[in-house]
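Numbering (this note's numbering), first residue to last: -4 to 467.
Let me begin by presenting the structure, written as structure tokens, before commenting on it.
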């Protein structure tokens, strides 16, 4: 009965109302998840010093790599579990859950071992200097010890959402992130542990998340069941999981490479203070990007369902609303970054004039064309939602890798640290223009010029469009 009601809503409920319903839990979960890194940086920047903040920024791309493997298992298994449950194949869903748990532990242990083996050289490659290497090592050592727990908690929390329990998945992140916020000041200030305290608080929070998630799959509220027999590795199921999880894994890995290169360039041309400024800019803009990505998560099932059903007017209405909201959020963030950059920087550190100057300059340049980023993210997600994954991946990689990475190597040779900052808005603008060309062409194929509500009143449906036979 619930399935019928959800289908009815996707087909008949006003797109704006549906977006709000799906947006709130997505935004709440992502924001709570982001607080892990943001809160650590605020406490370290205010309670230790700017060099400690720089050390944490060096570790950030390495944590993205860890989370990329989490996405590989989490997203891959979540999609496969959803498909199996839709087919009423509960036995296969349970086997996928068990193999996801196995993969989480294996990847977590392997990453932990490899991380310790290559720790020092990799930290230097990602931008750790003589004054920050100790901070980065202290933080990274403890984070590595908790990698299996982090992998297990975050990967399998995706399956909770996939089996139809989004509120429980949201509460899982709330509990874990909330615990981290409480423990950070206790360990950093109360016990005087500095960056080690921040890392320990994060690992304990990850451990609680892992225990919570595993207890769910052993409890009565779970649709799928975790048993020892189902954790036996099945090569077919493992390939089954990895094949669908590879795309988000690649995107996160690309993001890590970009941030690692930026760290190295800032060390070369601006020193540790510039790396700390990058950490502040990343944390400030992360909150804006999360809001836009949450819109993506909200509209993806709406767009996908209605595109598959041939209801192209609803598709157009939904994606245009998403673009308007995303651009509005990005524009609001742009205004704040342009007029109040000093206030933003002071949230993270108020003691270093050099860091304030570098952070203000970086924030203004980095967000120079932020409003168009809102459009670009929604446009690339639109192609993902309608099943054109290759084009969606190209548009996403266009912004982070194809355009941005070469610019990061070229521009600093002429403008130093300013060149690293300038590379970002140029990449944002170029990728947005190219995305607009593809998006406009695709939208024209929908053949719907009438708003959804007017079309409904006229008695027409999305299948009346000339291109209604073009489904995928």
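C-beta: ideal position from N, C-alpha, C; glycine also.
Source: prediction; values computed, not measured.
| Item | Value |
| --- | --- |
| Write down every uninterrupted run of the alpha helix (DSSP H) in the region 320 to 376 whose length is 4 residues or greater and which is fully enclosed by it, in chain order. | 336 to 343, 348 to 361 |
| In this structure, how does DSSP classify residue 289 when only helix, strand and coil are distinguished? | helix |
| Comparing alpha-carbon positions, which option in 402, 190, 150, 63 lies nearest residue 38? | 190 |
| Output the distance between the C-alpha atoms of residue 247 and residue 214, rounded to the nearest integer angstrom. | 32 Å |
| Please state whether DSSP places residue 63 in a helix, a strand or coil. | helix |
| Would you say residue 174 and residue 182 are within 8 Å of each other, going by their C-beta atoms? | no |
| Please list, in chain order, all residues of the same chain as residue 275 whose beta carbon is under 6 Å from its beta carbon, the five residues on each side excluded. | 340, 343, 354 |
| Let's test the definition: count the other Cβ atoms within 10 Å of the Cβ of residue 14 and tell me whether it reaches 16, buried, or not, exposed. | buried |
| Could you say which of 400, 229, 134, 245 lies nearest to residue 387 if we only look at CA atoms? | 245 |
| Taking the alpha carbon of residue 433 as the reference point, which residue from 390, 294, 278 has its own alpha carbon closest? | 390 |
| Checking 8 Å against the spacing of the C-beta atoms, do residue 269 and residue 208 come in under that value? | no |
| Would you identify the three-state DSSP class for residue 9, choosing helix, strand or coil? | coil |
| Just checking, does the region 48 to 67 make contact with the region 131 to 150 on the three C-beta pairs under 8 Å criterion? | yes |
| Which same chain residues end up closer than 8 Å to residue 398 when comparing Cβ atoms and leaving out the 5 residues on each side of it in sequence? | 421, 422, 425, 426 |
| Which class does residue 227 belong to by DSSP, given the choice of helix, strand or coil? | coil |
| Closest by CA to residue 241, which one among 314, 68, 122, 225? | 68 |
| Apart from the five residues on each side of it in sequence, which residues of its chain come closer than 7 Å, Cβ to Cβ, to residue 164? | 24, 152, 155, 156 |
| How is residue 15 classed by DSSP in three states: helix, strand or coil? | helix |
| Return the Cβ separation of residue 329 and residue 365 in integer angstroms, given the expectation that the two are a contact with Cβ distance under 8 Å. | 4 Å |
| Check for me: the alpha helix (DSSP H) holding residue 125 runs from which residue to which? | Note, residue 125: premise wrong, no alpha helix (DSSP H); not H, not E. |
| Taking the straight line between their C-alpha atoms, what separation do you get for residue 367 and residue 231? | 42 Å |
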